[in-house]
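Heads up: the protein sequence lines correspond to chains S and P, in order. When the first sequence is numbered by the numbering used here, its final residue is 353 and no position is left out of the sequence of numbers. When the second sequence is numbered by the numbering used here, its final residue is 412 and no position is left out of the sequence of numbers. Just so you know, even glycine gets a beta-carbon here, dropped at the ideal spot from N, CA and C. Okay, structure first, notes after.
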Amino acid sequence: MAFINKNHFWPGIILFLLIIPLITNSNYLLSILIIIGLYTIIVQGLGILMGYAGQISFGHAAFFGLGAYTVAILTTRFHSPTVLALLGAALLPGVIAALIGRPTLKLQELYLALATLGFGLLVHIGFTEGMELTGGPSGIAGIPYLSVGSFVFDSDIKFFYLVAGILILLSAGIKGLIESRVGRALRAIRESEHAAETAGIDTAALKLQAFIFSALLAGLAGGLYAYYITFISPSPFSFHASVQFVLMAVVGGLGTFVGPLLGAAMVVALGEFLRWAIPVVIPNAGGEYQIIFFGLILVVLMIFQPEGLGALGKRLKPATQKLPGEGYSTKIEAEKEGGL
Amino acid sequence: MKRSLRKSVMASLLILLLATSVLASGCGSSGDSDGEGVTGEEQYKIGAVLDISGKASSLGTPERDTLQMMVKQLNTQGGINGHQVDLTILDNKSDETEAVLAAKTLIEKDVLAVLGCSSSGPSMAMLNTVQNEKVPMISLAAASSIVEPVSERQWVFKTAQSDKVTVGKITNYLREQNINKVAFLYMNNAYGDGGRKAFSEAAKENNIEVLVEDKFEASDKDMTPQLTRVKASQAEALIIWAIPPSASIATKNFKDLGLTIPLIHSHGVGNQKFIDLAQGAAEGVILPIGKLTVAQQIPDTDPQKEVLQTYINNYTQKYGSPPDSFGGYAWDAFNLVVNAIEKAGPDRAAIRDELEKTQGFTGISGVFNISAQDHNGLDEESMVLVQIKDGKWQLLE
């Protein structure tokens with residue numbers, strides 16, 4: 014795992030992403046990478062919120078869904094240009110996050126988790142009940158492909174480059190963010206909100222901004238999802254999906270830069286691996302077995318690697334490149350999770 | 016000390032994963048193909064994506080059982096034109112994104128056709144993939160929108176009767192009985208919503224007035240409020256579009272409120288579970304259903320009689336319980352695609368063309384007459400009306 018090195022990791026990933034389509038013509042592989050990419054966008058936002066600002070959200074599937082429905086409704090009902098609809102898909106969840114964020118973020122820990130959970134359920138009911146607008150439980154079919162000018166993203170490979178491009182830009186932005194003053198302030202909130210306040214940090218505003226930012230990203234991913242699958246119904250945006258996103262964030266490693274990518278990749282790839290491996294090892298086994306092994310592997314992973322996959326590099330190379338504060342905070346977190 | 020322990024556990028876990036994958040790829044080719052290599056001919060690959068686990072598992076499980084039984088039978092009989100059939104069944108966990116990924120896996124494996132999914136949502140999600148990759152797909156789900164408009168769904172077929180067919184059966188009955196004021200209740204999911212859309216269209220065409228239209232949640236425990244509205248109206252019949260347990264609860268509430276107008280259900284209650292859960296209240300309920308459930312009662316002259324009996328006997332012999340209509344959808348889809356491959360050979364486009372030309376194919380769900388305008392190919396003849404008497408299905412003609 015020594016390749017997870019701050020200096021080589023991202024150039025490596027970028028090179029990998031660019032080369033992949035050249036060495037494979039497998040649309041299956043590309044679609045897995047696209048799905049991983051979309052989830053990574055969401056989890057990156059969630060990672061800022063959870064890993065840096067220390068706030069939990071069980072409602073991100075709602076923002077994901079709001080983005081997807083914005084695209085679906087704008088393009089199929091109002092025939093708006095697809096790029097504009099994608100912009101709307103990011104903005105609308107952001108605006109809604111701003112509206113609900115003020116009162117919600119006054120809550121802490123479990124209460125915040127419950128409030129976001131309630132919000133997620135509410136939005137999901139809205140999708141199912143919004144008959145004429147959202148298509149009710151039957152969903153919306155016939156969403157057009159995303160097109161910029163005369164260029165249409167109508168194949169897996171084009172969509173792959175789109176998602177990869179967005180992801181690289183986003184990662185660069187987030188890297189800048191977490192190493193900036195704002196990033197340090199957010200980390201301070203995570204460690205102790207009271208201490209951060211005494212140090213002169215406007216914790217309420219920062220938490221709200223992190224919340225809005227994560228909602229924007231989830232909405233963007235939702236919009237891209239709608240353009241990729243071209244059909245949506247309420248079911249991919251249920252509470253279950255929210256839990257899945259939190260799971261990805263935690264497995265990947267909270268407060269680590271590569272965590273979101275590793276978490277999303279781990280959860281999606283493990284699911285696909287098991288779908289293929291379980292029937293070979295245990296013939297006639299149903300999907301239930303996949304779920305059992307999926308759970309087992311993740312439990313084992315969290316027992317032995319509670320800081321998440323993103324912290325593997327740190328563990329194996331403890332002496333190098335450790336910021337004084339960072340190592341300390343991960344230790345605290347590890348103890349906390351062990352204590353739970 | 017602790018750290019090295021963790022490291023070694025992580026390492027052994029990785030090795031385990033690698034070992035299984037090597038093992039898996041080693042014996043992957045010999046999958047579930049009995050009698051492989053008898054003829055030495057190249058295998059024909061067919062794929063299926065079913066809702067085997069998750070919320071639609073009651074649909075996907077009998078479909079999987081039926082497919083496994085049939086591929087075994089086909090292969091012992093020599094396969095298609097001497098080619099053994101390699102059938103891969105994948106589970107989509109009743110999830111739309113997983114269905115898309117599963118379909119892509121199968122297409123990468125060069126399957127000639129994809130069967131599935133079991134329910135409408137995942138089937139809809141797979142559409143775009145099979146359309147782009149030009150692979151024939153046969154869905155086992157109900158919603159008409161899976162195959163309509165055909166101009167945008169050239170590669171997609173389906174074997175379950177569309178909502179339109181079921182609704183047509185009901186409106187015919189209403190007209191025969193001179194009923195033109197009805198109430199309509201439905202469960203709030205894709206199934207109920209599909210029924211509502213099809214019924215309100217058919218009602219308009221047949222000048223049937225819908226006085227009350229209301230819904231309930233699949234998890235609701237009491238439908239008295241909705242039924243009270245029905246009671247207060249001038250409705251001459253009530254149509255409920257739901258599946259058990261909520262369909263059974265509504266039926267019980269209906270009897271408790273002392274309503275005496277005819278109660279008509281959809282084919283969603285076509286299983287014993289509905290009667291059991293309604294605890295006697297199901298007496299007198301009328302519903303349209305595929306002929307499989309009343310195979311014993313349909314006249315010997317019915318073209319489907321023999322096919323139905325054979326399927327029931329084979330399935331009961333293998334699994335110890337009679338099949339249901341969901342297994343029947345899989346039976347139809349499998350045979351349709353096998354017949355098409357027989358004529359067209361291993362070529363996706365030719366298979367699609369052959370599927371579209373299917374005429375007079377006698378299946379479990381009905382006699383299929385597929386055309387370029389109709390990718391379902393079933394009409395109202397494929398269903399019968401039954402009434403529940405003494406806890407049993409009684410043919411009503």
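Contact of Met152/P with chain S by beta-carbon distance below 7 Å is absent, the smallest such distance being about 14 Å.
Annotated three-state conformation of Met141/P is helix, per DSSP. At least 8 Å separates the beta-carbon of Phe164/S from that of Gly58/S. Considering only beta carbons, no part of the segment 75–95 of chain P lies closer than 7 Å to chain S. Per DSSP, the continuous alpha helix (DSSP H) segment holding Glu357/P begins and ends at Ser340 to Ala359.
Rounded to the nearest angstrom, the gap between the Cα atoms of Ser166/P and Val180/P is 20 Å. Here DSSP, grouped into helix, strand and coil, assigns Lys333/P to helix. For Lys119/P, the closest Cβ of chain S is nearer than 8 Å. Residue pairing from DSSP leaves Ile45/S without any beta-bridge partner. At a cut-off of 3 residues, the continuous stretches assigned as beta strand (DSSP E) that sit fully inside the segment 210–278 of chain P are 224–231 and 252–256. Taking the beta carbon of Gly381/P as reference, no residue of chain S falls within 7 Å; the closest one sits roughly 24 Å away. Excluding the 5 residues flanking it on each side, Leu127/P has same chain C-beta neighbours closer than 7 Å at Tyr59, Lys60, Ile61, Ile356, Pro361, Arg363 and Ile366, in chain order. Not a single C-beta of chain S is nearer than 8 Å to the C-beta of Leu155/P. Take Glu285/S, set aside five residues on each side of it, and the residues of its chain with a beta-carbon closer than 8 Å to its own are Ile45, in chain order.
Distances from the alpha-carbon of Asp110/P to those of Gly101/S, Pro247/S, Phe258/S and Ala126/S put Pro247/S closest. Interface flag for Glu285/S against chain P is set, since a Cβ pair is found closer than 8 Å. A check of alpha carbon separations from Asn107/P across Ser134/P, Val64/P and Asp125/P identifies Val64/P as the nearest.
Secondary structure of Ser160/S (DSSP, three-state): strand. In terms of beta-carbon proximity, Ala158/P lines the interface with chain S, with at least one pair separated by less than 8 Å. Judged by beta-carbon spacing, Ser134/P lies within the 8 Å limit of Leu74/P, meaning their Cβ atoms are closer than that value.
Taking a Cβ-Cβ cut-off of 7 Å, the neighbours of Ser248/S in chain P comprise Glu111 and Gly136, given in sequence order.
Nearest C-alpha to Thr141/S among Ile245/S, Glu210/S and Leu183/S: Ile245/S. By the C-beta criterion, the segment 341–351 of chain P is judged to be in contact with the segment 380–387 of chain P, since at least 3 inter-stretch pairs fall below 8 Å. Counting C-beta atoms within 10 angstroms of its own C-beta, Lys119/S has fewer than 16 neighbours from the protein chains shown and is therefore classed as exposed. Nearest CB-CB separation between Ile304/S and chain P: below the 8 Å threshold.
Judged by DSSP secondary structure, Asp101/P falls outside any alpha helix (DSSP H) and instead within the beta strand (DSSP E) spanning Val100 to Asp106. The Cβ atoms of Ala254/S and Gly50/S lie no closer than 8 Å to each other. With contacts defined as CB atoms closer than 8 Å, Leu229/S and Pro106/S qualify as a contacting pair. In the three-state scheme derived from DSSP, where H, G and I count as helix and E and B as strand, Ile313/P is classed as coil. Within the segment 101–187 of chain P, the complete alpha helix (DSSP H) segments at least 4 residues long are 111–123 and 135–148, listed from N- to C-terminus.
For the 8 Å CB-CB criterion, Ile279/P and Ile403/P do not form a contact. A distance below 7 Å between beta-carbons, with the five flanking residues on each side excluded, links Val171/P to the following residues of its chain, in chain order: Leu142, Val145, Met152, Ser154, Ile161, Val162 and His390. Your pair Ser336/P and Leu292/P does not check out as a contact, with CB atoms roughly 18 Å apart and the cut at 8 Å.
Neighbourhood of Tyr41/S in chain P, by CB distance below 8 Å: Leu116, Lys119, Thr120, Ile122 and Glu123, in chain order. The same chain holds no residue with a CB closer than 6 Å to that of Gly93/P once the five nearest residues on each side in sequence are set aside. For the segment 254–283 of chain S, there are no residues whose beta carbon sits under 8 Å from a beta carbon of chain P.
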